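Asks: Okay, here's the structure, questions in a sec.
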Amino acid sequence: MAVASTPLPDDLDALKAIIMAQQVEITRLSASERAYDALVQSLKIRIARLQKQKFGTSSEKIEREIEQLELLLEDVEIAIAAADTAPEADEQAGDDAAPSPRRRRGKPRVSETTPRERIVLDPGESCPSCGGPLRLVGEDVAEILEFIAAKLKVVETARLKKSCRHCETMVQPEAPSRPVPRGMAGPGLLAHILVSKFDDHLPLYRQSEIFARQGVEIPRSTLIDWCGQAVAVLRPLVALIRQEVTGSDHLHADDTPIQVLDPRLRQIGKPRGVKEGRIWTYLRDPRPWGGSDPPAVAYWFSPDRKGINPQTHLANFSGILQADAYAGFKELYKPDARGAVRVREAACWA
Numbered sequence: 001m002a003v004a005s006t007p008l009p010d011d012l013d014a015l016k017a018i019i020m021a022q023q024v025e026i027t028r029l030s031a032s033e034r035a036y037d038a039l040v041q042s043l044k045i046r047i048a049r050l051q052k053q054k055f056g057t058s059s060e061k062i063e064r065e066i067e068q069l070e071l072l073l074e075d076v077e078i079a080i081a082a083a084d085t086a087p088e089a090d091e092q093a094g095d096d097a098a099p100s101p102r103r104r105r106g107k108p109r110v111s112e113t114t115p116r117e118r119i120v121l122d123p124g125e126s127c128p129s130c131g132g133p134l135r136l137v138g139e140d141v142a143e144i145l146e147f148i149a150a151k152l153k154v155v156e157t158a159r160l161k162k163s164c165r166h167c168e169t170m171v172q173p174e175a176p177s178r179p180v181p182r183g184m185a186g187p188g189l190l191a192h193i194l195v196s197k198f199d200d201h202l203p204l205y206r207q208s209e210i211f212a213r214q215g216v217e218i219p220r221s222t223l224i225d226w227c228g229q230a231v232a233v234l235r236p237l238v239a240l241i242r243q244e245v246t247g248s249d250h251l252h253a254d255d256t257p258i259q260v261l262d263p264r265l266r267q268i269g270k271p272r273g274v275k276e277g278r279i280w281t282y283l284r285d286p287r288p289w290g291g292s293d294p295p296a297v298a299y300w301f302s303p304d305r306k307g308i309n310p311q312t313h314l315a316n317f318s319g320i321l322q323a324d325a326y327a328g329f330k331e332l333y334k335p336d337a338r339g340a341v342r343v344r345e346a347a348c349w350a
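Position one of the sequence shown corresponds to residue 1 (full-length UniProt numbering), numbered consecutively onward.
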């Protein structure tokens with residue numbers, strides 16, 4: 001069907017006005033489309049979360065869907081924010097243009113312990129108009145949140161050697177201990193590397209690139225070695241945490257799949273080189289019934305979901321175990337040879 005067209009005026013200024021109005025309308029429609037796209041993605045995330053609540057927290061497929069939707073929504077919102085910071089077409093076209101929909105921005109919440117710096121801009125002591133003295137009548141205060149980039153520094157420890165003037169005995173302080181023997185990494189740097197990799201999921205090769213931008217070349221192979229040695233240093237602490245948690249008389253247990261890289265899989269025809277492992281989680285939290293022990297969590301990793309895994313983890317546990325109906329837990333609830341029940345089951349509602 002043919003669309004009727006409006007005759008265009010011959011006046012050049014009138015044509016410019018029409019073009020400007022069309023540009024304003026295109027901008028408004030584009031902003032509306034982005035806003036509606038963000039709304040659709042937000043609603044999809046809400047639906048996925050409701051599905052997760054309905055089918056239980058163990059629905060990993062829904063969890064992955066939520067993560068993908070949140071990433072997509074984040075990209076859409078960034079595009080909207082970029083458009084909002086562009087010069088306002090409405091201001092160029094006048095007050096008659098329809099305002100574009102805007103997204104509500106949340107204000108950052110800053111902890112009271114966050115350091116503050118006060119900068120005072122003083123207009124001076126004399127009036128710029130007549131030269132008379134100025135008196136303070138108030139102030140306007142605006143705040144910005146600033147980031148101080150992390151810095152690397154070299155801590156040089158010099159152990160002075162001294163000798164006795166009488167007996168020539170040599171005296172020198174002992175070298176301070178290091179988390180990595182003969183390594184250059186300090187405890188703060190090691191903690192940053194471990195948190196960045198295992199909590200922020202920042203691969204070591206990217207961390208190596210970040211350090212290089214700060215003027216320090218740390219090869220990925222060195223970072224791998226540091227992580228391995230840090231794991232060895234932390235192993236006794238992990239054992240103590242596990243002992244403390246499993247020493248409780250009431251635990252919550254669950255497991256979740258995790259993707260694990262295994263280059264050997266590529267050699268047998270699996271190009272992704274990824275297999276599925278398991279993270280086993282055991283939670284102690286006596287607060288709901290007035291317990292005095294603080295909440296604590298112990299984790300184990302296993303390459304499979306065999307029942308021997310939780311049975312090994314909880315070999316010394318005695319008490320109530322609240323978990324799902326996974327068959328691997330059932331063996332724990334069986335009486336021993338004397339007929340005694342070491343672990344009692346508390347069913348999970350999920």
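Here a beta-carbon is modelled for each residue, glycine too, at the ideal position from N, C-alpha and C. Note that the coordinates shown come from a computational prediction; the quantities given were computed from them, not determined experimentally.
Given that a residue counts as buried once 16 or more other Cβ atoms are within 10 Å of its Cβ, and exposed if not, what is Ala98?
Replies: At Ala98, the pLDDT of 47 sits below 50, so the modelled position is not reliable; the number obtained from the coordinates is stated separately. Looking at its Cβ environment, which holds fewer than 16 other Cβ atoms inside 10 Å, Ala98 is exposed.
Asks: Do you know how far the Cα of Ile320 is from the Cα of Arg344?
Replies: Cα-Cα distance, rounded: 5 Å.
Asks: Where residue 351 and Pro310 are concerned, what is the direct C-alpha to C-alpha distance, given to the nearest angstrom?
Replies: Nothing can be reported for residue 351: it is not among the residues displayed for the chain, which extend from 1 to 350.
Asks: With Ser177 as the anchor, note down where its beta strand (DSSP E) starts and where it stops.
Replies: First-last for Ser177: undefined, no H or E at that position.
Asks: How far does the alpha helix (DSSP H) with Thr312 in it extend, from its first residue to its last?
Replies: Looking at the DSSP string, the run of the alpha helix (DSSP H) that includes Thr312 is 308 to 313.
Asks: Determine the extent of the beta strand (DSSP E) in which Leu160 is found, giving its start and end residues.
Replies: Leu160 -> no beta strand (DSSP E), and no H or E assigned at all.
Asks: By the 10 Å Cβ neighbour count, where 16 or more other Cβ atoms means buried, how is Glu91 classified, buried or exposed?
Replies: Residue placement at Glu91 cannot be trusted, given a pLDDT of 46 that sits under 50; what the coordinates show is reported in the next sentence. It counts as exposed.
Asks: Residues in its own chain within less than 7 Å of Ile224 by CB, not counting five upstream and five downstream?
Replies: Closer than 7 Å at the Cβ level, and outside the excluded window around Ile224, lie Leu204.
Asks: Indicate whether the contact test is met: 3 or more Cβ pairs, each with one atom in the segment 216 to 231 and one in the segment 181 to 190, closer than 8 Å.
Replies: Yes, they touch.
Asks: Confirm, please, whether the CB-CB distance from Arg242 to Ala298 is below 7 Å.
Replies: Yes.
Asks: Inspect the beta-carbon positions of Ala323 and Cys348 and report whether they are closer than 7 Å.
Replies: Yes, the Cβ-Cβ distance between Ala323 and Cys348 is below 7 Å.
Asks: Terminal residues of the continuous beta strand (DSSP E) containing Lys275?
Replies: Run containing Lys275: 274 to 284, per the beta strand (DSSP E) assignment.
Asks: Within 10 angstroms of the Cβ of Leu261, are there 16 or more other Cβ atoms? Answer buried if so, exposed if not.
Replies: Counting Cβ neighbours within 10 Å, Leu261 comes out exposed, since fewer than 16 surround it.
Asks: Hey, how far is the Cα of Cys167 from the Cα of Pro187?
Replies: Taking the straight line joining both Cα atoms gives about 39 Å.
Asks: Quick one: what's got a C-beta closer than 8 Å to Leu15's C-beta in the same chain, skipping five residues either side?
Replies: Counting only Cβ-Cβ distances below 8 Å, and skipping sequence neighbours, we find Leu8, Pro9.
Asks: Near Ser302, what residues of its chain come up, given a Cβ to Cβ distance below 7 Å and the 5 sequence neighbours on each side ignored?
Replies: The residues are Gly277, Arg278, Trp280, Asn309.
Asks: Helix, strand or coil, according to DSSP, for His250 in the structure here?
Replies: His250 falls in the strand class under three-state DSSP.
Asks: Comparing the C-beta of Ala150 with each C-beta of chain C, is any distance below 7 Å?
Replies: You won't find chain C in this structure, because it holds only one protein chain.
Asks: Can you give the Cα-Cα distance for Leu265 and Ile193, rounded to whole angstroms?
Replies: For Leu265 and Ile193, the distance between alpha carbons rounds to 28 Å.
Asks: Looking at the structure shown, is Ser302 part of a helix, part of a strand, or coil, going by DSSP?
Replies: The answer is strand: DSSP assigns Ser302 an E or B state.
Asks: Can you list, in chain order, the residues of its chain whose CB lies under 8 Å from that of Lys161, leaving out five sequence neighbours each side?
Replies: The residues are Met170, Val171, Gln172.
Asks: Please check the pair Phe317 and Leu251, which I expect to be a contact at CB under 8 Å, by giving their CB distance rounded to whole angstroms.
Replies: That pair is a contact at about 7 Å.
Asks: For Phe147, count the other beta carbons within 10 Å of its own beta carbon; 16 or more makes it buried, fewer makes it exposed. Which is it?
Replies: That one is exposed.
Asks: Are the beta-carbon atoms of Leu136 and Pro108 separated by less than 7 Å?
Replies: The answer is no: Cβ separation not under 7 Å.
Asks: What whole-angstrom Cβ distance do Ser248 and Arg284 have, given they're in contact under 8 Å?
Replies: Sure, about 4 Å apart at Cβ, within 8 Å.
Asks: Assuming contact is defined by CB atoms lying nearer than 7 Å, are Leu190 and Pro176 in contact in what I supplied?
Replies: For Leu190 and Pro176, no; Cβs fall outside 7 Å.
Asks: Does the beta-carbon of Leu134 have 16 or more other beta-carbons within 10 angstroms, so that it is buried, or is it exposed?
Replies: That one is exposed.
Asks: Work out the CA separation of Val195 and Arg206 for me, nearest whole Å.
Replies: Computed Cα separation, rounded: 14 Å.
Asks: Shortest alpha-carbon distance to Val231 belongs to which of Asp11, Phe198, Ile119, Ser111?
Replies: Comparing Cα-Cα distances from Val231 to each of Asp11, Phe198, Ile119, Ser111, the minimum goes to Phe198.
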